[in-house]
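Visitor: I'd like to ask some things about the structure below.
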């Protein structure tokens with residue numbers, strides 16, 4: 258969803274995001290994963306991609322179903338679509354269960370998953386995506402992790418204009434951005450610390466979309482800290498009063 262909100266702009270050598278700088282320095286941002294862990298990481302990625310594919314199919318079927326139902330269309334097609342939606346939803350749950358089986362086989366992964374999921378607003382899907390991100394780039398620091406999701410800000414210059422605006426780089430894997438956008442919306446509603454962070458930025462005049470992206474980045478940073486330090490989420494320890502700079506768009 259975040260991908261639908263921003264255009265991608267070219268990046269000058271001086272304005273490159275951390276993602277571009279790190280990947281320019283290393284053909285592939287190296288992980289510390291062993292061969293066995295690399296296989297786990299790859300399998301999780303394949304399952305996550307398949308999950309997103311199934312979700313998209315279900316949404317398309319659901320939209321078609323709602324359209325036909327609204328105009329009292331073919332009862333046969335409506336019946337088929339209802340079964341299709343139910344079947345796809347079941348398949349989504351099967352895929353998630355398969356990923357969880359992989360996680361529960363490893364005590365370290367299980368602990369990391371639970372620490373990430375302890376954040377109010379982070380459900381199974383987002384926790385899986387974040388766990389995969391942190392496993393895949395085990396040696397990355399906070400700034401690098403944010404850039405690897407493509408949510409790091411870059412400066413966009415318009416031709417010869419002296420004016421510039423900040424946009425997200427979108428250089429990382431979109432599988433993380435799409436998943437975390439929904440979690441951010443839940444966290445804004447139900448996580449008091451995230452809600453306060455959101456409202457403070459809104460009160461300062463930031464555009465809603467920019468604030469939502471700031472929330473996603475904040476959730477990534479908190480989750481990364483919990484994963485690295487083997488801790489559960491504690492609102493008092495993660496008071497949102499510092500830290501993540503938010504650039505105006």
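In our numbering, the protein residues as written are 258 to 506. Yeah, the Cβ is synthetic: ideal placement off N, Cα and C, and Gly gets one too.
Between the C-alpha atoms of residue 458 and residue 371, what's the straight-line distance to the nearest angstrom?
Guide: As a first step, residue 458 must be located in the chain shown, where it is residue number 201. As a first step, residue 371 must be located in the chain shown, where it is residue number 114. Computed Cα separation, rounded: 29 Å.
Visitor: Quick test of your reading: residue 513 and residue 379, contact by CB under 8 Å. State the CB separation rounded to the nearest angstrom.
Guide: This structure gives no information on residue 513, because the portion of the chain shown stretches from 258 to 506.
Visitor: Let me know the secondary structure DSSP gives residue 362 once reduced to three states.
Guide: Locating residue 362 in the chain shown gives position 105, counting from the first residue. Coil at residue 362, not helix or strand.
Visitor: Among residues of its own chain, excluding the 5 on either side of residue 443, which ones have a beta-carbon nearer than 6 Å to its beta-carbon?
Guide: What you label residue 443 is simply residue 186 of the chain shown in a count that begins at 1. For residue 443, where only same-chain residues beyond five positions count, the Cβ hits under 6 Å are 378.
Visitor: Excluding the five sequence neighbours on either side, which residues of its own chain have a C-beta within less than 6 Å of the C-beta of residue 492, listed in chain order?
Guide: Here residue 492 corresponds to residue number 235 of the chain shown, with the count starting at 1. Closer than 6 Å at the Cβ level, and outside the excluded window around residue 492, lie 450.
Visitor: For residue 366 and residue 395, what's the separation of their Cα atoms in angstroms?
Guide: As a first step, residue 366 must be located in the chain shown, where it is residue number 109. As a first step, residue 395 must be located in the chain shown, where it is residue number 138. Whole-angstrom Cα-Cα distance: 12 Å.
Visitor: Using a threshold of 8 Å, state whether the C-beta atoms of residue 298 and residue 392 are closer than that.
Guide: Stepping through the chain shown from its first residue, residue 298 is reached at position 41. Stepping through the chain shown from its first residue, residue 392 is reached at position 135. Yes.
Visitor: Considering only their Cβ atoms, is the gap separating residue 386 from residue 305 smaller than 8 Å?
Guide: Along the chain shown, read from residue 1 onward, the residue named residue 305 stands at position 48. Along the chain shown, read from residue 1 onward, the residue named residue 386 stands at position 129. Yes. Within cutoff.
Visitor: Would residue 448 be called buried (16 or more neighbouring beta carbons within 10 Å of its own) or exposed?
Guide: To locate residue 448, count along the chain shown from 1; it is residue 191. Buried, since its Cβ has 16 or more Cβ neighbours within 10 Å.
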